[in-house]
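*Asks:* The structure follows.
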Amino acid sequence: MAKAVPDTMRALVISGPGGIESLVESTLPTPVPGPGEVLISVHTVAANHQDHFVLRGLGNIAGVALPHVLGNDPAGVIAAVGPGVPGSRLGERVVVKPAIACDECEPCRAGSDDACERLRSVGVHRHGGFAEYLTVPGQNAFPIPDRLEFAAATALAQSFPVALTLLRKAGLHAEDIVLVAGAAGAIGAAAVQLSRLAGATVVAAAGSPGRVEYAVGLGAQLGIDYRADPSFADTVRQSFPQGVSLYVEPAGNPTIWAEGLRSVGRQGRVAVCGSHAGPIVQLDLLWLFRMRVSIFGSAGATRAIFAEILELAGEDRIEATIDSVRPLWEARDAFERLVARQNRGKLVLELGR
Ligand SMILES: NC(=O)c1ccc[n+]([C@@H]2O[C@H](COP(=O)([O-])OP(=O)(O)OC[C@H]3O[C@@H](n4cnc5c(N)ncnc54)[C@H](OP(=O)(O)O)[C@@H]3O)[C@@H](O)[C@H]2O)c1
Ligand SMILES: [Zn+2]
19 MAKAVPDTMR ALVISGPGGI ESLVESTLPT PVPGPGEVLI SVHTVAANHQ DHFVLRGLGN
79 IAGVALPHVL GNDPAGVIAA VGPGVPGSRL GERVVVKPAI ACDECEPCRA GSDDACERLR
139 SVGVHRHGGF AEYLTVPGQN AFPIPDRLEF AAATALAQSF PVALTLLRKA GLHAEDIVLV
199 AGAAGAIGAA AVQLSRLAGA TVVAAAGSPG RVEYAVGLGA QLGIDYRADP SFADTVRQSF
259 PQGVSLYVEP AGNPTIWAEG LRSVGRQGRV AVCGSHAGPI VQLDLLWLFR MRVSIFGSAG
319 ATRAIFAEIL ELAGEDRIEA TIDSVRPLWE ARDAFERLVA RQNRGKLVLE LGR
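Numbering (the working numbering), first residue to last: 19 to 371.
Quick look at the structure:
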């Protein structure tokens, strides 16, 4: 039998401006699922750069109403359903797809719901999973395969679907030589695994010997430590004289970007999905067109790709990369680790249920 839902819940909220220090414990009314929505009893959620952007009040996600609840990728159990959602979903183990599409705009109708013109993000435009409960549209709550723990489902949700969408847009194929920068980070580690799964050759680049070893352990054929080897394009070309055919950049670090581009061969592709280390980088247009290089940008993922990732994980063909699991109430430590570039894979937070 489903547990009774209390009227109030514990949450970690942004109390005011001020970055990581402004995260405080609070008691909020438990949300009530509206039409088409489900209420999830949260077990795990992760600390992401997007949360950190909101904490710092940056970019187009500035100005959320306070107190605000962060948390893009919670996993848990459906504890109540709103009108229009079948009662049979009660008790279902689910993980949240972070972006909510409108299903009405042109990209949505064409099946590109990742490019929805009215996209809303969980933990940004509405309260997220840094709380005992949250509500999301039922179609954003995906069933978790039996063999996956909540922590693994959370660790997959915000990085693997993004990485797969990006790699597909850039036309990943088995003959590719893929250079992945930030390869020990969450999206980088996902890109290494997904490129290998497609049969490609992978060069994993990261910022310390331990981080390189970790990324190579995910299946890469060559590791690059770009702190120890700042002119690493020369090293890449010692192994692959023709250069790499695809360069995946998840951080936008200007120094790494310059060497990443120097590693790209003729008719190569560059795929970008993050900019927390930049976002302004240099680009020589003469080089771009003479080399016939294409640049792809991508954000989010379609619901179809999100489901595909869960299926691949359920079949043990990809593995969630988890840096650590700590109580939600210690999220500040997780963000400090994220900002210090210490995490290998995902920083998971748990509610201890
Ligand atoms: N497009 C989308 O839909 C989408 C979705 C989710 C996240 N993102 C973005 O994708 C990016 C990566 O996310 P993630 O979860 O993989 O983050 P992450 O786990 O922190 O990994 C990013 C990696 O970038 C590397 N890096 C290089 N230069 C850096 C610098 N100056 N500062 C910080 N890190 C630097 C770090 O590795 P080394 O220290 O080894 O260099 C770090 O591990 C973020 O910008 C995030 O906002 C985009
Ligand atoms: Zn739409």
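Idealized CB from N, CA, C, for every residue including glycine.
Determine the contact status of V87 and G156, defining contact as a CB-CB distance below 7 angstroms.
*Replies:* no
*Asks:* With burial defined as no fewer than 16 other Cβ atoms inside 10 Å of the residue's Cβ, what is the status of R286: buried or exposed?
*Replies:* A small fix is needed here, since residue 286 is Gly in this sequence, not Arg. Counting the other Cβ atoms within 10 Å of the Cβ of G286 gives 16 or more, which makes it buried.
*Asks:* Quick check on this structure: which residue in D302, K187, P272 and W305 has the alpha carbon closest to the alpha carbon of S293?
*Replies:* P272
*Asks:* Using a Cβ-Cβ cut-off of 8 angstroms (strictly less than) and excluding sequence neighbours within five positions of P227, which residues of its own chain qualify?
*Replies:* D243 and A246
*Asks:* Quick one: which unbroken beta strand (DSSP E) runs of 3-plus residues sit fully inside the stretch 164 to 243? Chain order, please.
*Replies:* List check, beta strand (DSSP E) in window: 195 to 198, 219 to 224 and 240 to 243.
*Asks:* Is it buried or exposed, G200, if we count other Cβ atoms within 10 angstroms and call 16 or more buried?
*Replies:* buried
*Asks:* First and last residue of the alpha helix (DSSP H) that includes S40?
*Replies:* Going by DSSP, S40 is part of no alpha helix (DSSP H) at all; its letter is neither H nor E.
*Asks:* Answer with yes or no whether the minimum CB distance from V142 to chain D is below 7 angstroms.
*Replies:* In the displayed structure, chain D is absent; only one protein chain is listed.
*Asks:* Determine whether the beta carbon atoms of R280 and A238 lie at a separation below 7 angstroms.
*Replies:* One thing to note: R280 has its Cβ no nearer than 7 angstroms to the Cβ of A238.
*Asks:* Under 5 angstroms, CB to any heavy atom of ligand 2. Which residues pass, going along the chain?
*Replies:* A119, C120, C123, C126 and C134
*Asks:* According to DSSP, T153 sits in a beta bridge with which residue or residues?
*Replies:* L57
*Asks:* Let me make sure I understand the geometry here. Which of N361, P104, A202 and V114 has the alpha-carbon closest to that of L174?
*Replies:* V114
*Asks:* Per DSSP, which one or two residues make a beta bridge with K364?
*Replies:* In the DSSP output, where bridge partners are listed per residue, K364 has I340.
*Asks:* Who are T62's beta bridge partners in DSSP?
*Replies:* DSSP lists A93 and E368 as partners of T62.
*Asks:* Where R127 and A325 are concerned, what is the direct C-alpha to C-alpha distance, given to the nearest angstrom?
*Replies:* Those two C-alpha atoms are separated by around 18 angstroms.
*Asks:* Measure the C-alpha to C-alpha separation of L356 and L365 and round it to an integer number of angstroms.
*Replies:* 8 angstroms
*Asks:* May I ask whether a heavy atom of ligand 1 can be found less than 6 angstroms away from the beta carbon of I205?
*Replies:* With a threshold of 6 angstroms, the Cβ atom of I205 counts as near ligand 1, since some heavy atom of the ligand is closer than that.
*Asks:* Among all the DSSP beta bridges, which residues are the ones paired with A117?
*Replies:* S139
*Asks:* Report the CB separation of V60 from L152 in whole angstroms; it is logged as a contact under 8 angstroms.
*Replies:* 6 angstroms
*Asks:* Residues in its own chain within less than 6 angstroms of F168 by CB, not counting five upstream and five downstream?
*Replies:* H61, T62 and A93
*Asks:* Along the alpha helix (DSSP H) that carries T273, what are the first and last residues, could you check?
*Replies:* Element bounds for T273: P272 to S281.
*Asks:* Residues bridged to S312 by DSSP?
*Replies:* R287
*Asks:* May I ask you to check if the CB of R359 is nearer than 6 angstroms to at least one heavy atom of ligand 1?
*Replies:* yes
*Asks:* Taking the continuous beta strand (DSSP E) assigned at T26, which residues delimit it?
*Replies:* Note, T26: beta strand (DSSP E), T26 to I32.
*Asks:* Do I205 and P116 have their C-beta atoms within less than 7 angstroms of each other?
*Replies:* no
*Asks:* Can you name, in chain order, every residue of its own chain whose Cβ lies under 7 angstroms from the Cβ of P35, other than the five neighbours on each side?
*Replies:* G75
*Asks:* For P53 versus G105, is the C-beta distance shorter than 7 angstroms?
*Replies:* no
*Asks:* Could you check where the beta strand (DSSP E) with L264 kicks off and where it finishes?
*Replies:* V262 to E267
*Asks:* Indicate, with yes or no, if ligand 1 has a heavy atom lying under 6 angstroms from the CB of G200.
*Replies:* Yes, the beta carbon of G200 sits closer than 6 angstroms to at least one heavy atom of ligand 1.
*Asks:* Since V23 sits in a beta bridge, which residues does DSSP pair it with?
*Replies:* DSSP, once it has assigned bridges, lists no residue as partnering V23.
*Asks:* Spell out a yes or no on whether the stretch 171 to 187 and the stretch 327 to 345 are touching, meaning 3 or more CB-CB pairs, one atom from each, closer than 8 angstroms.
*Replies:* yes
*Asks:* In the DSSP assignment, the beta strand (DSSP E) including F258 goes from what residue to what residue?
*Replies:* According to the DSSP assignment, F258 belongs to no beta strand (DSSP E), since it is labelled neither H nor E.
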